[in-house]
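Q:
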Amino acid sequence: MSQIINSALQYVDEMLEGLVAANRSLVRLGEAGRVVGLSTPGDRARVGIVSGGGSGHLPLFTGYVGSGLLDACAIGNVFEGPNVQSCMEAIRVADRGRGVLCLYGNYGGDRMNFDMASELAEAEGIETSTVLGIDDVASASFDEHSRRRGVAGIIYAYKTAGALAALGASLADVTEMARRTVERTKTIGFALSPCRLPGAAVASFELAEGEIGMGMGIHGEPGIWQDRVKPADDLADEMLDRLMAEALGDFRRVTVLVNSLGATPLEELFILYRRLARRLSDHGVEIVLPLVGRYTTSMEMAGASVSLCFLDEDIEPHLLAPASCPFWTVP
Amino acid sequence: MSQIINSALQYVDEMLEGLVAANRSLVRLGEAGRVVGLSTPGDRARVGIVSGGGSGHLPLFTGYVGSGLLDACAIGNVFEGPNVQSCMEAIRVADRGRGVLCLYGNYGGDRMNFDMASELAEAEGIETSTVLGIDDVASASFDEHSRRRGVAGIIYAYKTAGALAALGASLADVTEMARRTVERTKTIGFALSPCRLPGAAVASFELAEGEIGMGMGIHGEPGIWQDRVKPADDLADEMLDRLMAEALGDFRRVTVLVNSLGATPLEELFILYRRLARRLSDHGVEIVLPLVGRYTTSMEMAGASVSLCFLDEDIEPHLLAPASCPFWTVP
Amino acid sequence: MTDVTIREISAIVERARLAFDAAESDLNAADGRFGDGDTGTMLNRLASAIALVDLKAEPDLGSAFRKMAAAASRSTGSSLGTLVMTALLAVSKYAAGQSTLSRQAIPEMIEAAATAMLARGGASLGDKTIVDSIATVAGELKTAPAVASWEVASAASRKALDSFRDRPSRIGRAGRYGNKTIGFDDPGMLAFAILCGALARSNVGLRPEEVSE
Amino acid sequence: MTDVTIREISAIVERARLAFDAAESDLNAADGRFGDGDTGTMLNRLASAIALVDLKAEPDLGSAFRKMAAAASRSTGSSLGTLVMTALLAVSKYAAGQSTLSRQAIPEMIEAAATAMLARGGASLGDKTIVDSIATVAGELKTAPAVASWEVASAASRKALDSFRDRPSRIGRAGRYGNKTIGFDDPGMLAFAILCGALARSNVGLRPEEVSE
Ligand SMILES: Nc1ncnc2c1ncn2[C@@H]1O[C@H](COP(=O)(O)OP(=O)(O)O)[C@@H](O)[C@H]1O
Ligand SMILES: Nc1ncnc2c1ncn2[C@@H]1O[C@H](COP(=O)(O)OP(=O)(O)O)[C@@H](O)[C@H]1O
Ligand SMILES: [Mg+2]
Ligand SMILES: [Mg+2]
Ligand SMILES: [Mg+2]
Ligand SMILES: [Mg+2]
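Heads up: the protein sequence lines correspond to chains Y, F, W and X, in order.
The opening position of the first sequence corresponds to residue 13 in the numbering used here, with each subsequent residue numbered one higher.
The opening position of the second sequence corresponds to residue 13 in the numbering used here, with each subsequent residue numbered one higher.
The opening position of the third sequence corresponds to residue 182 in the numbering used here, with each subsequent residue numbered one higher.
The opening position of the fourth sequence corresponds to residue 182 in the numbering used here, with each subsequent residue numbered one higher.
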């Protein structure tokens, strides 16, 4: 399919211009305009939360800047981390005098740049902490879970850490909430068709018509197996089994996110959700605040992911606390 | 790309099961389960509003059942109107004693079935009225505008009529508000790639890689021209010109919807919106409550549409009134 | 063609089911040109649903057609499907209380169906819809010999298709494209020609003695 | 290779720009195997951005490299791009205050870059990254004749690529795939080999009298 763009080089900046024009709660900041923050940040002293990453994943990351969620985001080029300058600026924007949590996906470039930015911020007297999203169970074994990639499940850490920060908690406590939420959130995804970098002549990976890549990453990183596509219920079952195998002890309550990578339609997500909901209910597990839609995409890639967060008494109230950003409102 | 389904025959019912499982504000009703209504409809006497149509367009139609919007929807098979039984049931569900407005897109099957259902409803003592969505400017000339297809712009009529109904207005007034909003709402779309009926081996139309079909309908009905894709700004300009040419007299305020047909990503919608916003502002036109996202889709079709509603003093306050449904919240 | 009883109807329905199963993708493609590409899928599902209706215990033709109309209505709300239901309701009224319909009455019954379809759909004859095919068939059957007249019906439905091909559609999805539709078959008309052709080939509704004639 | 002045650096940068422009899709494809398929697009953009930096007025090599690092940083935050920036900062420190760097110092300067890259990226030598290529080149340059040693660099970078091909990636996106990466080139190492090859072919940094030797 064709892309609607003017120029590959202007893609990110034009996208951001449109994003903030359409969402007046957001503003573009920073020397290069690669930071998104709140138009009316408020001036109450509290912990700030920043995220960031490569472009091409809307509504991730910028779409989650909002009350009870993120304070600022640093934005990179498509599939590239934000540069150190933008990370530093985002930290400054998020700083409300009580320290800043950097909460982003576990990718090399993002990590190096946020690390450098944190060093600079500390030198400026802004205390920082870091929690990495590592929810993709297909990207490394359980033993090596700290090497895993961060994907759609990170929004739950945004939500709980954001809720706690809004209550005025300390940087240590907000950080611990994010860490705990990441630890209890597991995602697995699959791809059905690739996407193209803007302006590129060919897709960034190949997947034959009718094939599915189970466990593929949101940038097309290879997965666990590749085969002809299977019935929706079989896919739902396999994904749920893989996620439940990661549960830390007993669980009775979960939240579920069925996420499209872009092209896969809502209809198909609901067909998947139907099966997941049935099976969880058969297991006596209650679903709290289910989300079905496009929460973390890869432009026009087809495919979906399922995230489970195994709730506990600390996480659940913060998941359910009111929050609002352009793409997710919890009333 | 592959579809995530179990069986073509079960597609719609499984989708609806997932939809209501994930959205507890909605319930499935009717003998065949092809009606979606509110879980807690409230019992205040007021005008009810129903819509409906073929499946494959989520969040249209069922996703707009909510407070200040629709009371019920009748759902057909993919790209087929709802049957007369479902239409009749939806009217009954929406009936709160003060009459029911049937507000749906101008397609033959939908029309025949809602017409029959209205006759049956009148026989049961439920007063009904009908307003057809006819916003697609590419589907017939201005002189024949009553033959036009209804596409994404219908959500504005849901919104304004829903707001007026919530205020306790009469069926005649709610109907007139819907009619007036339809009259002032214009849409044009384009397709970049086709979709497939669930289970079908081939797409329902052809569009070569790199081609764009300007003016195509949301079911792939042919458009105004077909050519190599053009830069985003050129497309935005052409669409805006075609929509502004339909303005009834002077206008200073509009609302804008930039809608993806499914696969086209948010990034590209924002690139389009950026240009539209700039040009409208150059014309001295103010944009109220812009929407950018997936509001009316065709499963995995790639493409987008732009809708403008030329506001007036009657429409604007009802557009801005609070409302909420699973896919659109006006706070 | 014979006098019509429930036995003939069941055979016709079964033959229709097979025909639309085979023609699904061709009819989708015909509808995909100016419409939404679903005529074939819809008719295949519709015919299967009607074929599942158990007509054996129905007291008369009127109630048999009514049951078929109900099955049609349950399975779709598309334009054509709704018109098929409308047609079935009309013939149900026409045949109410009768267990056999004489072969001479068949053209009139088909005309009753066509009239009801025009009323429901708002089309006129000449708009290039399935109703033009149905009306043509009714007309030709009136003047044709009664025996083996599925072939007459098939020829008439082909004739309608051929003579409308170069005229513009005036209603439905395709109707919005006016002269652009010239040169293309209307999917509903094509479907009706496929149905009549299949019935002619299989001699459905011909009693054994007629076949051997 | 000659002693390095700003003139040589400008020529190298221009050659790099051309090389990465030509290699964009090959490098994307190499990265697409286990990564996100953007190495080529990123390096093409990065090299163009650095080539746009006007170095003429820079007082010394240290400030020239610092300007280049700033341009690198502005244009990307990818792993490799950030490591390139880190390397440029390191050589900027190494060459601070000097307007000429003797050819003998070049291997040591490259080593300084590699050390900084390992510190920033957290990789070790042997992890199958661009740093393995850079370290190999630095090592071979130390023992090679000073003249025309871009060819030595090119051969060394190819040697690194060949000897690591059948080893597993241990860091970055590809590092998560361990033994599956055996048999495939690391995109960063491939990029460095492409760069050295292009510099060798164009004799960049060789003064005319050396070329004619
Ligand atoms: N108003 C109408 N009156 C008569 N026939 C109609 C009408 N609308 C559509 N048709 C017939 O139905 C056919 C289309 O059927 P179908 O694809 O099932 O409908 P839809 O447009 O609802 O998808 C057309 O080819 C035409 O023959
Ligand atoms: N931590 C690291 N240390 C050293 N080199 C690395 C590291 N991470 C990645 N690389 C190098 O960068 C290359 C990938 O570059 P690129 O595609 O730009 O990065 P990204 O993974 O951010 O998209 C790898 O092939 C490898 O040579
Ligand atoms: Mg990258
Ligand atoms: Mg249809
Ligand atoms: Mg159709
Ligand atoms: Mg990469």
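Positions of the beta carbon are idealized from the N, C-alpha and C atoms, including for glycine.
Tell me, please, whether the CB atom of Met370 (chain W) is closer than 8 angstroms to any CB atom in chain F?
A: Counted from its first residue, the third sequence places residue 370 (chain W) at position 189. So no, Met370 (chain W) is outside the interface.
Q: Beta strand (DSSP E) containing Ile200 (chain Y): first to last residue?
A: Start at 1 with the first residue of the first sequence, and residue 200 (chain Y) comes out as number 188. Looking at the DSSP string, the run of the beta strand (DSSP E) that includes Ile200 (chain Y) is Thr197 to Ser205.
Q: Would you please state the rounded distance, in angstroms, between the beta carbons of Cys377 (chain X) and Val318 (chain X)? I believe it to be under 8 angstroms.
A: Along the fourth sequence, one-based indexing puts residue 377 (chain X) at 196. Along the fourth sequence, one-based indexing puts residue 318 (chain X) at 137. About 7 angstroms; that satisfies the 8 angstroms criterion.
Q: Is Thr220 (chain W) a contact residue of ligand 5, with contact defined as CB to any heavy atom under 7 angstroms?
A: Working through the third sequence from its first residue, we reach residue 220 (chain W) at position 39. Yes, the beta carbon of Thr220 (chain W) sits closer than 7 angstroms to at least one heavy atom of ligand 5.
Q: Below 8 angstroms, how does it come out for the segment 200-216 of chain Y and the segment 311-318 of chain Y: are there three or more Cβ pairs, yes or no?
A: In short, these stretches touch, since the Cβ pair count reaches three.
Q: When you compare each of X:Thr257, X:Pro368, X:Leu242 and X:Gly216 to Met290 (chain X) by their alpha carbons, which one comes out closest?
A: As a working mapping, residue 290 (chain X) is identified with position 109 in the fourth sequence. When each option's Cα is compared against that of Met290 (chain X), the closest is X:Leu242.
Q: Should Phe91 (chain F) be counted as a contact of ligand 4 given a C-beta to heavy atom distance under 7 angstroms?
A: Looking up residue 91 (chain F) in the second sequence gives position 79. True, at least one ligand heavy atom lies under 7 angstroms from that Cβ.
Q: Mind checking if Val342 (chain F) is an interface residue toward chain W, Cβ cutoff 8 angstroms exclusive?
A: Position 330 of the second sequence, counted from the first residue, corresponds to residue 342 (chain F). Chain W, which has no Cβ nearer than 8 angstroms to the Cβ of Val342 (chain F), makes this no.
Q: How about Cys99 (chain Y) and Asn125 (chain Y): are their beta carbons less than 8 angstroms apart?
A: Locating residue 99 (chain Y) in the first sequence gives position 87, counting from the first residue. Locating residue 125 (chain Y) in the first sequence gives position 113, counting from the first residue. Cβ distance < 8 angstroms, so Cys99 (chain Y) and Asn125 (chain Y) count as in contact.
Q: Contact criterion: CB-CB distance below 8 angstroms. Does Gly232 (chain F) meet it with respect to chain W?
A: Against the second sequence, residue 232 (chain F) aligns to sequence position 220. Output row for Gly232 (chain F): interface = yes.
Q: Going along the chain, which residues of the segment 254-266 of chain X sit with their C-beta nearer than 9 angstroms to a C-beta in chain Y?
A: Hits within the stretch, in order: Ser254, Arg255, Ser256, Thr257, Gly258, Ser259, Ser260, Leu261, Gly262, Thr263, Leu264 and Met266.
Q: Thinking C-alpha only, which one of X:Val234, X:Arg354, X:Ala192 and X:Ala271 is nearest Asp308 (chain X)?
A: By one-based count along the fourth sequence, residue 308 (chain X) stands at place 127. Considering only alpha carbons, the answer is X:Arg354.
Q: Would you say Asp245 (chain F) lies against chain Y (beta-carbon separation less than 8 angstroms)?
A: On the second sequence, residue 245 (chain F) is found 233 positions in, with the first residue counted as 1. For Asp245 (chain F), the answer is yes, since a Cβ of chain Y falls inside 8 angstroms of its Cβ.
Q: Return the CA-CA distance between Pro277 (chain F) and Gly274 (chain Y), expressed in angstroms with no decimal places.
A: On the second sequence, residue 277 (chain F) is found 265 positions in, with the first residue counted as 1. On the first sequence, residue 274 (chain Y) is found 262 positions in, with the first residue counted as 1. Distance between the alpha carbons of Pro277 (chain F) and Gly274 (chain Y) is about 6 angstroms.
Q: Less than 7 angstroms between C-beta atoms, sequence neighbours within five positions excluded: which residues of the same chain meet that for Arg351 (chain W)?
A: As a first step, residue 351 (chain W) is located in the third sequence; it is residue number 170 there, counting from the start. Excluding positions up to five away in sequence, the list reads Asp308 and Lys309.
Q: Report the option in Y:Gly211, Y:Ser310 and Y:Ala169 whose CA atom is closest to the CA atom of Lys198 (chain Y).
A: Residue numbering aside, residue 198 (chain Y) sits at position 186 when the first sequence is read from its first letter. Ranking the options by Cα distance to Lys198 (chain Y), first place goes to Y:Ala169.
Q: Quick check for students: name the residue ranges of the alpha helix (DSSP H) that lie wholly in the segment 279-335 of chain F, counting only runs of 4 or more.
A: Runs found: 327-332.
Q: Name the two residues that bound the continuous beta strand (DSSP E) containing Gln238 (chain F).
A: Translated into the one-based positions of the second sequence, residue 238 (chain F) becomes position 226. Looking at the DSSP string, the run of the beta strand (DSSP E) that includes Gln238 (chain F) is Trp237 to Arg240.
Q: Given that Val241 (chain Y) touches chain F, what residues does it touch there, using C-beta distances under 7 angstroms?
A: Here residue 241 (chain Y) refers to the residue found at position 229 when the first sequence is read from its first residue. Ser14, listed in chain order.
Q: Could you tell me which residues DSSP pairs with Gly60 (chain F) in its beta bridges?
A: As a first step, residue 60 (chain F) must be located in the second sequence, where it is residue number 48. In the DSSP output, where bridge partners are listed per residue, Gly60 (chain F) has F:Val112.
Q: Examine ligand 2 and report whether any of its heavy atoms sits within less than 7 angstroms of the Cβ of Tyr116 (chain F).
A: By one-based count along the second sequence, residue 116 (chain F) stands at place 104. Because no heavy atom of ligand 2 lies under 7 angstroms away, the Cβ of Tyr116 (chain F) does not count as near it: no.
Q: Could one say the Cβ of Leu209 (chain F) lies closer than 8 angstroms to chain C's Cβ atoms, at least one of them?
A: Although the question refers to chain C, the structure presented lacks it and instead comprises the protein chains Y, F, W and X.
Q: I believe Arg305 (chain X) touches Ser338 (chain X) by the beta-carbon criterion, under 8 angstroms. Please report the beta-carbon distance rounded to the nearest angstrom.
A: The residue you call residue 305 (chain X) lines up with position 124 of the fourth sequence. The residue you call residue 338 (chain X) lines up with position 157 of the fourth sequence. Note that residue 305 (chain X) corresponds to Ser in the displayed sequence, not to Arg. About 19 angstroms separates the two Cβ atoms, so there is no contact after all.
Q: Is the beta carbon of Asp217 (chain X) within less than 7 angstroms of some heavy atom of ligand 7?
A: Looking for ligand 7 in the displayed structure turns up nothing; the ligands present are ligand 1, ligand 2, ligand 3, ligand 4, ligand 5 and ligand 6.
Q: Leaving out five residues before and five after Phe201 (chain W) in sequence, what residues of the same chain have Cβ atoms less than 6 angstroms from its Cβ?
A: Translated into the one-based positions of the third sequence, residue 201 (chain W) becomes position 20. Answer for Phe201 (chain W): Leu224, Asn225 and Ala228, listed in chain order.
Q: When every heavy atom of ligand 2 is checked, does at least one fall within less than 7 angstroms of the C-beta of Val194 (chain X)?
A: In the fourth sequence, residue 194 (chain X) corresponds to position 13, counting from 1. No.
Q: Compare the C-beta of Phe217 (chain F) with all C-beta atoms of chain W and state if any pair is closer than 8 angstroms.
A: Locating residue 217 (chain F) in the second sequence gives position 205, where the first residue counts as 1. Yes, contact with chain W.
Q: Quick one: does Thr362 (chain W) have its CB under 8 angstroms from some CB of chain F?
A: Against the third sequence, residue 362 (chain W) aligns to sequence position 181. False, the Cβ-Cβ gap to chain F never drops below 8 angstroms.
Q: By alpha-carbon positions, which one of W:Ala251, W:Thr186, W:Gly221 and W:Val185 ends up nearest to Ile375 (chain W)?
A: For this step, residue 375 (chain W) is matched to residue 194 along the third sequence. It is W:Gly221 whose Cα lies nearest to the Cα of Ile375 (chain W).
Q: Tell me whether Thr172 (chain F) sits in a helix, a strand or coil according to DSSP, three-state version.
A: If you number the second sequence from 1, residue 172 (chain F) lands on position 160. In the structure shown, Thr172 (chain F) sits in a helix (DSSP, three-state: H, G or I).
Q: How would you list, in chain order, the residues of chain W whose beta-carbon sits under 8 angstroms from the beta-carbon of Gln22 (chain F)?
A: Here residue 22 (chain F) refers to the residue found at position 10 when the second sequence is read from its first residue. None at all; the shortest Cβ gap to chain W is about 12 angstroms.
Q: Check whether the segment 292-307 of chain Y and the segment 235-244 of chain Y touch, using three or more Cβ-Cβ pairs below 8 angstroms as the test.
A: As far as the Cβ criterion goes, the segment 292-307 of chain Y does not touch the segment 235-244 of chain Y, which means the pair count is below three.
Q: Taking DSSP as the reference, what is the three-state secondary structure of Ile231 (chain W)?
A: Taking the first residue of the third sequence as position 1, residue 231 (chain W) is located at position 50. If DSSP states are grouped into helix, strand and coil, Ile231 (chain W) belongs with the helices.
Q: Using a Cβ-Cβ cut-off of 8 angstroms, state whether Val266 (chain F) counts as contacting chain W.
A: To locate residue 266 (chain F), count along the second sequence from 1; it is residue 254. So no, Val266 (chain F) is outside the interface.
Q: Residues in the segment 91-104 of chain F with C-beta within 9 angstroms of chain W's C-beta atoms, listed in sequence order?
A: The residues in question are Phe91, Glu92, Gly93, Pro94, Asn95, Val96, Gln97, Ser98 and Cys99.
Q: Quick one, which of Y:Gly49, Y:Tyr76, Y:Ile61 and Y:Gly109 has its alpha-carbon nearest Tyr307 (chain Y)'s?
A: Walking along the first sequence from the start, residue 307 (chain Y) turns up at place 295. When each option's Cα is compared against that of Tyr307 (chain Y), the closest is Y:Tyr76.
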